[in-house]
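Each residue of the sequence shown is one higher than the last, beginning at 4 in this note's numbering.
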Amino acid sequence: DTHIGKEYPPIQEMFARNKRFAPELLKDVNLDDDVDVIAGLRPYRVENVCVEKEYGFNIVHNYGHGG
């Protein structure tokens with residue numbers, strides 16, 4: 004299954020961890036109503052992972068972890 008959306012358990016867990024880590028940033032955010040989740044699968048990177056923010060948008064690229 005390559006579909007990754009809001010209902011995907013790791014996405015739900017990640018959102019819950021973020022709410023515990025920085026509750027003041029997410030106190031009025033509802034994952035079901037307020038957040039669009041668009042994710043894709045990327046291959047493992049031998050050299051290093053990639054984590055970068057796309058400025059002007061609420062997009063973070065985070066891939067290459069493998070596993």
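Beta carbons: idealized from backbone N, C-alpha and C, even for Gly.
### Message
Please report the straight-line C-alpha distance between Y47 and V63, rounded to a whole angstrom.
### Response
Their backbone Cα atoms lie some 17 Å apart in a straight line.
### Task
Report the rounded CA-to-CA distance for E10 versus E50, giving the unit in angstroms.
Answer to the nearest angstrom: the Cα atoms are 31 Å apart.
### Delimiting residues of the beta strand (DSSP E) encompassing N65
Note, N65: beta strand (DSSP E), I62 to Y66.
### K56, DSSP secondary structure in three states
The answer is strand: DSSP assigns K56 an E or B state.
### Query
Once you ignore the five residues that flank A25 on each side, which residues in its own chain have a CB closer than 8 Å to its CB?
Residues of the same chain with their beta carbon placed closer than 8 Å to that of A25 are lacking, with the five preceding and five following residues left out of the count.
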